[in-house]
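*Asks:* So that you can map any letter, position 370 of the sequence shown is 378 in this note's numbering, and since no number is skipped, the others follow by simple counting. Below is a structure I'd like to ask you about.
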Amino acid sequence: MAKITAVLIGAGDRGARGYAPYALENPHEFEIIAVAEPNKERRNDFAAKHQLSKENCFESWEELLNGPKRADVAVICTLDRYHFHPTITALKAGYHVLLEKPMSPDPLECIEMERVAIEEKRLLTICHVLRYTDFWSKIREVIKNGTIGEVASVQLSENVEIMHMSHSFVRGNWNNKEKSSPMILQKSCHDLDILSYIIDKPCLRVSSYGSLMHFNEKNAPEGAPERCLDGCPAEDVCPFHAGRYYLGEGKGWARKFTEDYTKEGIIQALKTTPYGKCVYRSDNNVVDHQVVNMEFEGGVTANFSMCGFTRTQTRRVQLMGTKGEIIGNMEDNEISIFDFLTKQETIMKFHETVGGHGGGDTAIVKNFLHEVKNYKDGESLSSATVSLQSHLMAFAAEESRLQKGKSIELEDYYKEIIQSRVGSN
């Protein structure tokens, strides 16, 4: 079969830098032939890199998807709240779809996307990229082999890293759940999905606690202005001062919010964009730490902790089985397997990875292309159907958090969602 062609909807960080590079590195397998991106500079930059004509560059997804089908697949990387309509339109137009996570901040939209994908007999693969890494694939394999016996309990922690927290979830696109998604869905649906993947049993119930403890106005330094460059008296003692950070050690992050990467360009962006705001005077409302307790079928328990107050960005996991234990740290890219009987420890170190998320960004595109080429009306490794469970876990966890840790039964929660759809029709 000839190489797979694609249209890209949303040429931001995840679309242009996360998944599209595969086309440049493997032009014999994959070609992006059109793009929809409302930001003119991003659109033009993407067009230049992928040698797209003006006729194949669009401001909106509606323009791109209007008319005859242009390609084999659609890669959709718009912001969270703008996933639903282009996804439904693309599926109905005959595209297989690779969709950035989360599916949607609305559970009804998630359910509807899955339904339409099945009805149209199209792949709808959600970018749960951790499933495609050597790290998590090996952990699942070890569990399946029975090496550690039956899994009794799992502890997973996501260390967001303090400056990533302040950049993306205090100042950035995902700082406000009404504009984007709750933190447990936007950032941590990766983690709830990977727990579902390695435990491989239905989640029955969840409870959750968490809050926006630090990044709020009550913790603002005395006399701090709305913007850091407007003469903040705490400049020398605040690690989040936008001028010092984005013009210094965090200069790489500035590429996320300005196309003018000169000192002058960054300063201008800090004067006009949310990235120049005081972290204590932003419009953020997503939590900066949260824990989720889960019980799966068969009595397996799991605990997940997401925290923004860490020095490194990584995930650490401990799986406790009846015959042994697995401990892993994605930062080290290795896992330790301990046998209770022999007292032997086996260390598995994985090769250096290419691409973000431990190689998952590259691997998911490669896997998706393979599934498209060999499609026979089946499900992908991270299809909407398998993704729906972790999304429902995230929605229920947020509901529990808002109800001060109330235990939420997943089956009842799902029925309530379906009933709300029936009641609204």
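Cβ atoms here follow ideal geometry from the backbone N, Cα and C, with glycine treated the same way. Since the structure is predicted, the reported quantities are computational estimates derived from the model, not experimental observations.
Less than 6 Å between C-beta atoms, sequence neighbours within five positions excluded: which residues of the same chain meet that for HIS175?
*Replies:* Closer than 6 Å at Cβ, skipping near neighbours: TRP261.
*Asks:* Can you check whether the CB of ASN341 is closer than 8 Å to the CB of LYS357?
*Replies:* Result yes, Cβ atoms of LYS357 and ASN341 sit closer than 8 Å.
*Asks:* In whole angstroms, give me the CA-to-CA distance for TYR27 and PRO115.
*Replies:* Rounded to whole angstroms, TYR27 to PRO115 spans 25 Å at the Cα level.
*Asks:* So, at 8 Å on beta carbons, what are the nonlocal neighbours of ARG22 in its own chain, with the 5 sequence-adjacent residues on each side left out?
*Replies:* Contacts found: CYS85, GLU108, CYS135.
*Asks:* Under the assumption that SER408 contacts VAL214 (Cβ atoms under 8 Å), give the Cβ distance between them as a whole number of angstroms.
*Replies:* About 6 Å separates the two Cβ atoms, so the contact holds.
*Asks:* How do the segment 274 to 292 and the segment 235 to 251 stand: do at least 3 beta-carbon pairs fall below 8 Å, yes or no?
*Replies:* Result yes; three or more Cβ-Cβ pairs closer than 8 Å.
*Asks:* Under the DSSP definition of a beta bridge, which residues are partnered with VAL159?
*Replies:* BP columns for VAL159 point to GLY329.
*Asks:* Are the segment 117 to 129 and the segment 145 to 154 touching, with three or more C-beta to C-beta distances below 8 Å?
*Replies:* No, the segment 117 to 129 is not in contact with the segment 145 to 154.
*Asks:* Report the three-state DSSP secondary structure of THR322 (helix, strand or coil).
*Replies:* The answer is strand: DSSP assigns THR322 an E or B state.
*Asks:* CA-CA distance, ASP420 and PRO241?
*Replies:* For ASP420 and PRO241, the distance between alpha carbons rounds to 52 Å.
*Asks:* The ligand ZN and ARG78: does any heavy atom of the ligand fall closer than 7 Å to the residue's C-beta?
*Replies:* The ligand ZN is not among the ligands present in this structure, which contains no ligands whatsoever.
*Asks:* Counting only the same chain and skipping the five closest in sequence on each side, list residues whose C-beta sits under 7 Å from that of GLU45.
*Replies:* The answer, listed in chain order, is GLY18, ALA19, ARG51, PHE54.
*Asks:* What is the C-beta distance between ASP199 and LEU164, in whole angstroms, given that I count them as a contact (C-beta under 8 Å)?
*Replies:* Rounded, the Cβ-Cβ distance is 6 Å, consistent with contact.
*Asks:* Under 8 Å, with one C-beta from each stretch per pair, do the segment 151 to 168 and the segment 306 to 322 reach the 3-pair mark?
*Replies:* Counting Cβ pairs under 8 Å, three or more are found: they touch.
*Asks:* What are the residues that DSSP puts in a beta bridge with CYS211?
*Replies:* According to DSSP, which records beta bridges pairwise, CYS211 is partnered with PHE304.
*Asks:* For ALA392 versus LEU132, is the C-beta spacing smaller than 8 Å?
*Replies:* Yes, the Cβ-Cβ distance between ALA392 and LEU132 is below 8 Å.
*Asks:* Under 8 Å: do the segment 182 to 202 and the segment 85 to 97 share three or more Cβ pairs, one atom per stretch?
*Replies:* Yes: the two stretches touch, three or more of their Cβ pairs being nearer than 8 Å.
*Asks:* Which runs of the beta strand (DSSP E), 3 residues or longer, sit entirely within the segment 340 to 371?
*Replies:* Correct list: 342 to 347, 353 to 357.
*Asks:* CB-CB under 6 Å to CYS65, same chain, minus the five flanking residues each way: which ones, in chain order?
*Replies:* The residues are VAL43, ARG51, ALA55.
*Asks:* Please go through the same chain and pick out, in chain order, the residues whose beta-carbon is closer than 6 Å to the beta-carbon of GLU243, but skip the five residues on each side of it.
*Replies:* Once the five neighbours on either side are set aside, the close Cβ partners of GLU243 are HIS249.
*Asks:* If you follow the alpha helix (DSSP H) that CYS118 is in, where does it begin and where does it stop?
*Replies:* From DSSP, the alpha helix (DSSP H) with CYS118 extends over 115 to 128.
*Asks:* Which two residues bound the contiguous beta strand (DSSP E) that contains ASN183?
*Replies:* It is not in any beta strand (DSSP E) - ASN183 carries neither H nor E in the DSSP assignment.
*Asks:* Using only alpha-carbon positions, find the residue among PHE403, ALA371, ALA10 that is nearest to GLN194.
*Replies:* The shortest Cα separation from GLN194 among PHE403, ALA371, ALA10 belongs to PHE403.
*Asks:* According to DSSP, TYR217 sits in a beta bridge with which residue or residues?
*Replies:* In the DSSP output, where bridge partners are listed per residue, TYR217 has VAL299.
*Asks:* Going along the chain, which unbroken runs of the alpha helix (DSSP H) with 4 or more residues stay wholly within the segment 233 to 291?
*Replies:* Fully enclosed alpha helix (DSSP H) runs of 4 or longer: 250 to 254, 271 to 280.
*Asks:* Buried or exposed for ARG130, please, with buried defined as at least 16 other CB atoms from any protein chain shown within 10 angstroms of its CB.
*Replies:* So ARG130 ends up on the buried side.
*Asks:* Opposite THR86 in the DSSP bridges: which residues?
*Replies:* Answer by DSSP bridge pairing: none, since THR86 is not bridged.
*Asks:* I need the straight-line Cα distance from LYS434 to PHE317, nearest angstrom please.
*Replies:* Nothing about residue 434 can be read from this structure; the chain reaches only from 9 to 433.
*Asks:* Are ALA405 and SER216 closer than 8 Å when you measure CB to CB?
*Replies:* Result yes, Cβ atoms of ALA405 and SER216 sit closer than 8 Å.
*Asks:* From ARG319 to PRO247, what does the alpha carbon distance come to, in whole angstroms?
*Replies:* Straight-line Cα distance between these residues: approximately 12 Å.
*Asks:* So ASN311 is in the alpha helix (DSSP H); what residue range does that whole segment cover?
*Replies:* Element bounds for ASN311: not the alpha helix (DSSP H) but the beta strand (DSSP E), 309 to 315.
*Asks:* Would you say MET302 and ARG323 are within 8 Å of each other, going by their C-beta atoms?
*Replies:* Against a cut-off of 8 Å, the Cβ pair of ARG323 and MET302 comes out as no contact.
*Asks:* Could you check what DSSP says for LEU132 in three-state terms: helix, strand or coil?
*Replies:* Strand.
*Asks:* Can you give the beta carbon distance from ASN183 to VAL294, rounded, assuming they're within the 8 Å contact cut?
*Replies:* About 6 Å separates the two Cβ atoms, so the contact holds.
*Asks:* Closer than 6 Å by C-beta to LEU138: which residues in its own chain qualify, once you throw out the five before and the five after it? Chain order, please.
*Replies:* The answer, listed in chain order, is TRP144, HIS198, ILE202, GLY368.
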